[in-house]
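Residue numbers (this note's numbering): 27 to 181.
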Amino acid sequence: MWIGLVRRGERGASAVEYALLTPAFLLLTFLIIQAGMYYYARSVAQSVAEDSSRAARSAQLTASAINDPAAQQLPSQSELQTLAQAGADRSIAALDPNHSFLRGPITVRASVVGGYNQLMVTVEGTSANLVPFLHMRVRAQSSGPIEIFKNPGTN
27 MWIGLVRRGE RGASAVEYAL LTPAFLLLTF LIIQAGMYYY ARSVAQSVAE
77 DSSRAARSAQ LTASAINDPA AQQLPSQSEL QTLAQAGADR SIAALDPNHS
127 FLRGPITVRA SVVGGYNQLM VTVEGTSANL VPFLHMRVRA QSSGPIEIFK
177 NPGTN
């Protein structure tokens, strides 16, 4: 008699437990996927920063400038910005062409820092959102010396 009452009292308990735990498991799953999307967007931003920095730092000079080292000048700020933006556009087209992971207004800033020949490129954007109301900014930097090509044996 008691066994029948106990069994009837627990009837439907597993359905209630399932209904209560499923949203928590779904949220946990979405948060894990969101973390993966954020880290991939951060990786894309870092690759874009490195590629655009490399493109701006190694801008090929004309043959006359290479033959006359004294006439060589560092590119202007606007030239560096243009070269960095072009490098970033090529890199984004290769890594994330549909802006699936790195979204929003993607800004690329090139600036000369730490002396007259050090270039720093900063890339900023937003990671794609799977979880509502979770806006994650992505920022990456890359820097290095601006290359000036000279004839062999000249400083």
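Every residue gets a Cβ at the ideal spot worked out from N, C-alpha and C, and that includes glycine.
Note that the coordinates shown come from a computational prediction; the quantities given were computed from them, not determined experimentally.
{"query": "Expected contact under 8 Å - CB spacing of residue 110 and residue 79 to nearest Å", "result": "7 Å"}
{"query": "Bridge-paired residues (DSSP) for residue 134", "result": "149"}
{"query": "Contained beta strand (DSSP E) runs [length at least 3] in the segment 56-129, N- to C-terminal order", "result": "none"}
{"query": "Proximity below 8 Å, CB of residue 172 to CB of residue 128", "result": "no"}
{"query": "Environment of residue 117 [buried if 16+ CB atoms lie within 10 Å]", "result": "buried"}
{"query": "Simplified DSSP assignment, three categories, for residue 158", "result": "coil"}
{"query": "Test item: CB-CB of residue 77 and residue 130 under 8 Å", "result": "no"}
{"query": "Presumed contact (8 Å Cβ cut-off) between residue 37 and residue 166, rounded CB distance", "result": "Actually they do not touch by this definition, with Cβ atoms about 56 Å apart."}
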